[in-house]
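In this note's numbering, the protein residues as written are 2 to 623.
Shown next, in the form of structure tokens:
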């Protein structure tokens with residue numbers, strides 16, 4: 002069946018696996034995607050949404066590089082929102098509700114349209130390792146499939162254990178069996194592993210809910226989209242709804258705490274701090290008598306509803322009784338109860354920046370196997386692993402994004418430098434250069450890089466260059482064009498801004514806090530320039546940000562450039578920190594374990610202090 006050798010084998014068909022296979026296949030690698038169920042490729046295992054705070058930036062970055070998640074989301078979206086619009090543009094984060102079934106279908110069809118991608122449905126039970134290198138996989142039927150590289154994207158399936166109250170059973174997802182064999186082999190090879198936990202809420206029948214007592218949560222009046230390409234824009238949207246728990250709900254839930262696997266010791270692993278279960282929220286925030294519940298439709302036509310905010314592993318009878326006391330849920334019917342799942346992960350400090358393992362050459366890890374949580378975090382790792390596996394097979398230079406270039410760079414650097422002992426989730430606060438890493442400029446930052454490595458197509462580059470040219474031209478127009486007092490003062494007066502007494506450059510007027518692009522478009526010269534040059538909304542937004550935040554952007558760029566010096570100071574691969582007695586004992590221990598590639602990465606290792614970095618700089622300087 003598999004006489005030929007593949008360039009890349011991807012194990013697992015979730016968000017990480019789909020992006021990995023797409024990237025490797027689109028770059029020209031002969032790729033095989035092996036998954037236990039071909040019907041669940043691209044499955045949204047938890048909430049039917051993509052994006053959110055910092056996560057939306059990641060989806061835009063994936064798209065800018067030539068990945069697929071943004072395109073798939075746009076094709077299956079039922080609602081779009083730009084979050085945090087009341088804050089500065091560094092905080093703006095796109096989020097879309099998706100049609101769960103269409104999302105998975107679009108992923109399947111997209112992958113089938115890549116000529117170099119093959120598919121095989123079976124469980125991978127082990128790896129083929131020769132001379133310290135991954136050379137393929139072994140299936141549960143005993144079939145050996147050879148490849149030049151292997152990417153593991155196993156999600157929650159490695160020795161997965163599902164908990165519902167006092168009941169527990171093996172599984173990687175509801176209705177699907179767990180994957181066995183890989184963890185045990187990796188441990189024999191010297192890898193360290195751990196256990197993590199995540200959870201999901203009940204799915205319910207929307208026909209049994211009373212939406213009239215809930216608060217509608219509509220999408221944006223003028224919805225945007227994720228991809229920078231010409232993907233569909235929503236013309237109609239589906240509302241989500243908001244309701245709340247109450248003290249009565251909490252009291253009912255507490256009745257089942259003695260049967261909760263989280264409180265009776267059955268679950269020993271760590272769950273996501275920023276997406277806690279409802280019982281965890283009641284326990285941790287005992288002073289709160291109410292928590293938000295977002296009621297999210299699972300698609301355009303289905304009646305299935307996702308109860309966001311009610312993740313739980315309590316017994317199913319307690320879940321049902323408690324949910325029936327939530328406003329609007331008095332007659333609720335369950336499609337299935339919520340559950341918690343424990344699974345194996347491998348601390349990501351065992352990886353290089355390319356996501357290749359340090360112990361086994363040509364073996365890559367991506368997604369929840371690295372201790373992350375979230376579709377977006379997984380997809381970005383899959384993309385980077387797929388890119389780097391292809392590049393290594395073709396003896397090309399590694400592709401690594403720095404912290405000032407992308408949220409993806411922050412994510413991977415955090416994981417391999419600091420590790421994680423709880424499911425890692427991306428936030429804007431994790432990025433020290435978030436003013437540079439905005440969702441609006443991901444194409445300007447990354448499309449040239451994606452094109453250079455052969456993933457982003459020429460069409461993307463042309464669109465990006467046109468946007469950049471038009472934005473720069475419009476910014477220069479504001480810098481060079483003056484406006485008279487009689488033209489601009491009515492606008493300034495309308496926003497309670499100080500009037501001008503003489504002609505001044507438009508750039509200076511536009512820079513004022515209360516003056517927006519809509520105000521500037523009231524000026525005949527500005528509207529004329531927009532019409533003459535056929536500027537779209539994307540260019541107008543980019544121009545406004547460049548004008549109003551130019552000082553902040555320049556300052557952050559300067560800070561990034563200063564720190565770039567340390568990123569360029571390489572540390573020899575086999576450097577023995579034990580010989581440097583001037584380093585603290587902790588620093589020697591941590592640096593020998595992490596093996597940082599540059600001085601800047603060494604400085605980010607937990608337990609390494611500035612004096613340790615000074616010692617390293619002096620030594621390497623010699």
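Here a beta-carbon is modelled for each residue, glycine too, at the ideal position from N, C-alpha and C.
For residue i, count the other beta carbons within 10 Å of its own beta carbon; 16 or more makes it buried, fewer makes it exposed. Which is it?
{"i": "residue 1", "result": "This structure gives no information on residue 1, because the portion of the chain shown stretches from 2 to 623."}
{"i": "residue 573", "result": "exposed"}
{"i": "residue 216", "result": "exposed"}
{"i": "residue 476", "result": "buried"}
{"i": "residue 82", "result": "buried"}
{"i": "residue 233", "result": "exposed"}
{"i": "residue 515", "result": "exposed"}
{"i": "residue 236", "result": "exposed"}
{"i": "residue 2", "result": "exposed"}
{"i": "residue 407", "result": "buried"}
{"i": "residue 160", "result": "buried"}
{"i": "residue 428", "result": "exposed"}
{"i": "residue 137", "result": "buried"}
{"i": "residue 166", "result": "buried"}
{"i": "residue 381", "result": "buried"}
{"i": "residue 144", "result": "exposed"}
{"i": "residue 395", "result": "exposed"}
{"i": "residue 40", "result": "exposed"}
{"i": "residue 566", "result": "exposed"}
Beta strand (DSSP E) containing residue i: first to last residue?
{"i": "residue 309", "result": "305-309"}
{"i": "residue 195", "result": "195-201"}
{"i": "residue 624", "result": "Any answer about residue 624 is impossible in this case: the structure gives the chain only from 2 up to 623."}
{"i": "residue 551", "result": "Careful: residue 551 lies outside any beta strand (DSSP E), inside the alpha helix (DSSP H) at 551-568."}
{"i": "residue 216", "result": "216-218"}
{"i": "residue 95", "result": "94-99"}
{"i": "residue 233", "result": "Where residue 233 is concerned, there is no enclosing beta strand (DSSP E), given that its DSSP letter is neither H nor E."}
{"i": "residue 576", "result": "That residue, residue 576, is in no beta strand (DSSP E); it is neither H nor E in DSSP."}
{"i": "residue 337", "result": "335-337"}
{"i": "residue 151", "result": "151-153"}
Do residue i and residue j have their C-beta atoms closer together than 7 angstroms?
{"i": "residue 418", "j": "residue 91", "result": "no"}
{"i": "residue 471", "j": "residue 527", "result": "no"}
{"i": "residue 390", "j": "residue 152", "result": "yes"}
{"i": "residue 63", "j": "residue 70", "result": "yes"}
{"i": "residue 54", "j": "residue 94", "result": "yes"}
{"i": "residue 210", "j": "residue 310", "result": "no"}
{"i": "residue 306", "j": "residue 207", "result": "yes"}
{"i": "residue 20", "j": "residue 73", "result": "no"}
{"i": "residue 405", "j": "residue 561", "result": "yes"}
{"i": "residue 75", "j": "residue 247", "result": "no"}
{"i": "residue 135", "j": "residue 447", "result": "no"}
{"i": "residue 16", "j": "residue 379", "result": "yes"}
{"i": "residue 426", "j": "residue 411", "result": "no"}
{"i": "residue 388", "j": "residue 24", "result": "yes"}
{"i": "residue 32", "j": "residue 118", "result": "yes"}
Going straight from the alpha carbon of residue i to that of residue j, what length do you get?
{"i": "residue 440", "j": "residue 538", "result": "15 angstroms"}
{"i": "residue 583", "j": "residue 597", "result": "18 angstroms"}
{"i": "residue 146", "j": "residue 286", "result": "51 angstroms"}
{"i": "residue 38", "j": "residue 609", "result": "45 angstroms"}
{"i": "residue 629", "j": "residue 401", "result": "Here the chain covers residues 2 to 623 and nothing more, so residue 629 does not appear."}
{"i": "residue 84", "j": "residue 240", "result": "16 angstroms"}
{"i": "residue 542", "j": "residue 496", "result": "20 angstroms"}
{"i": "residue 224", "j": "residue 186", "result": "48 angstroms"}
{"i": "residue 45", "j": "residue 478", "result": "45 angstroms"}
{"i": "residue 142", "j": "residue 4", "result": "16 angstroms"}
{"i": "residue 12", "j": "residue 462", "result": "31 angstroms"}
{"i": "residue 190", "j": "residue 179", "result": "21 angstroms"}
{"i": "residue 196", "j": "residue 611", "result": "33 angstroms"}
{"i": "residue 308", "j": "residue 602", "result": "41 angstroms"}
{"i": "residue 77", "j": "residue 101", "result": "8 angstroms"}
{"i": "residue 600", "j": "residue 617", "result": "8 angstroms"}
How far does the alpha helix (DSSP H) with residue i in it reach, from first residue to last?
{"i": "residue 413", "result": "408-419"}
{"i": "residue 134", "result": "That residue, residue 134, is in no alpha helix (DSSP H); its beta strand (DSSP E) goes 134-140."}
{"i": "residue 82", "result": "No alpha helix (DSSP H) holds residue 82; the beta strand (DSSP E) holding it covers 78-84."}
{"i": "residue 499", "result": "Careful: residue 499 lies outside any alpha helix (DSSP H) and carries neither H nor E."}
{"i": "residue 587", "result": "586-595"}
{"i": "residue 612", "result": "611-622"}
{"i": "residue 63", "result": "56-66"}
For residue i, verify whether its CB is less than 6 angstroms away from any heavy atom of the ligand GDP.
{"i": "residue 100", "result": "The ligand GDP is not among the ligands present in this structure, which contains no ligands whatsoever."}
For residue i and chain B, any beta-carbon pair shorter than 7 angstroms?
{"i": "residue 333", "result": "This model lacks chain B altogether; it includes just one protein chain."}
TODO: Specify whether the segment 311-322 and the segment 121-135 touch according to this definition: at least 3 beta carbon pairs, one from each stretch, less than 8 angstroms apart.
DONE: They do not touch, by the three-pair rule.
Task: Any 3 or more C-beta pairs closer than 8 angstroms across the segment 502-514 and the segment 479-490 - done: yes
Task: Three or more C-beta pairs below 8 angstroms linking the segment 332-346 and the segment 355-363 - done: Not touching, per the Cβ criterion.
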